[in-house]
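Notes follow the structure.
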Amino acid sequence: VPPTSAQQRLAELKGRIANQLGNLLPIPTEDRDRPVHVTIDKEGRTIDSVTGEVLQIPSRIPTLKANLRVQKKDIIKQEHPKIKQHKEVAMEHPGLDASAAHFDARIGTHPAVRNRRQLVFNKKGKYEEIANRQRAKAKLEKLQQ
1335 VPPTSAQQRL AELKGRIANQ LGNLLPIPTE DRDRPVHVTI DKEGRTIDSV
1385 TGEVLQIPSR IPTLKANLRV QKKDIIKQEH PKIKQHKEVA MEHPGLDASA
1435 AHFDARIGTH PAVRNRRQLV FNKKGKYEEI ANRQRAKAKL EKLQQ
C-alpha cells in the first residue's frame, strides 16, 4: 500500500469523524438567552440593569422522584391547616358522607382494632428431638425386619 493512499484514507476518516462529532456537539453561540447585566433589588427581584425590567427567571423543576416527593411534602406542609380540618370530620365518621341518604350521626363508627401478636419462638432443640425420634423409629423398624 503506497503511503499516499494511506494518508488519504487517514484524512478521509478524520474528516468523517469530525463531521459526525460536529453534528453531535452543539456549536457555542455568542448570543445568550439571558441578559448579562442582572441585579437584585431590596425586595429580592431580579432586574435587568440596562432596561430596568423585572425578569422572571424560570425555576428548575426536579425530575428525580425523591426530589419530587420532597417538593410535594413542602406543598402539603404549607396547606397543613386545611388538611387538619378535613381530618377532624373524617375521624368522626370515616368513609361516610353526611349527605348520604342513609346517614345517621347517632350511630358511632369505630375502626376495627387489630391486636398485635407477639413472636413465639420454638424451644431450643425442638427439631433435633423430632429428628432423633425419627431416627430411633427407623432403627426400630429396621431391627424388626
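To convert, take the position in the sequence shown, counting from 1, and add 1334; that gives this note's numbering.
We treat Cβ as the ideally placed atom computed from N, Cα and C, and that holds for glycine.
Problem set entry | For V1384, three-class secondary structure by DSSP | Translated into positions along the sequence shown, residue 1384 becomes position 50. Coil, per DSSP.
Exercise. Which residues in the same chain have their Cβ closer than 8 Å to the Cβ of Q1468, if we skip the five residues on either side of it in sequence?
Worked result: Indexing the sequence shown from 1 puts residue 1468 at position 134. Excluding sequence neighbours, Q1468 sits near nothing in its chain.
Problem set entry | Whole-angstrom distance between K1458 and N1466, CA atom to CA atom | Along the sequence shown, one-based indexing puts residue 1466 at 132. Along the sequence shown, one-based indexing puts residue 1458 at 124. Answer to the nearest angstrom: the Cα atoms are 14 Å apart.
Exercise. With respect to the beta strand (DSSP E) encompassing V1372, which residues constitute its N-terminal and C-terminal limits?
Worked result: Position 38 of the sequence shown, counting from 1, holds the residue named residue 1372. Where V1372 is concerned, the enclosing beta strand (DSSP E) stretches over 1372-1374.
For this session: Tell me L1389's beta-bridge partners as DSSP assigns them.
Result: Against the sequence shown, residue 1389 aligns to sequence position 55. Beta-bridge pairing links L1389 to T1380.
Exercise. Along the chain, where does the alpha helix (DSSP H) that runs through N1456 open and close?
Worked result: On the sequence shown, position 122 is the one that residue 1456 refers to. Counting along the chain, N1456 falls outside any alpha helix (DSSP H), and DSSP gives it neither H nor E.
Exercise. What is the DSSP secondary structure of R1403, counted as helix, strand or coil?
Worked result: To locate residue 1403, count along the sequence shown from 1; it is residue 69. Correct three-state label for R1403: helix.
For this session: Determine, using beta carbons only, whether I1391 and T1373 come nearer to each other than 8 Å.
Result: The residue given as residue 1391 occupies position 57 in the sequence shown. The residue given as residue 1373 occupies position 39 in the sequence shown. No, Cβ-Cβ distance for I1391 and T1373 is not below 8 Å.
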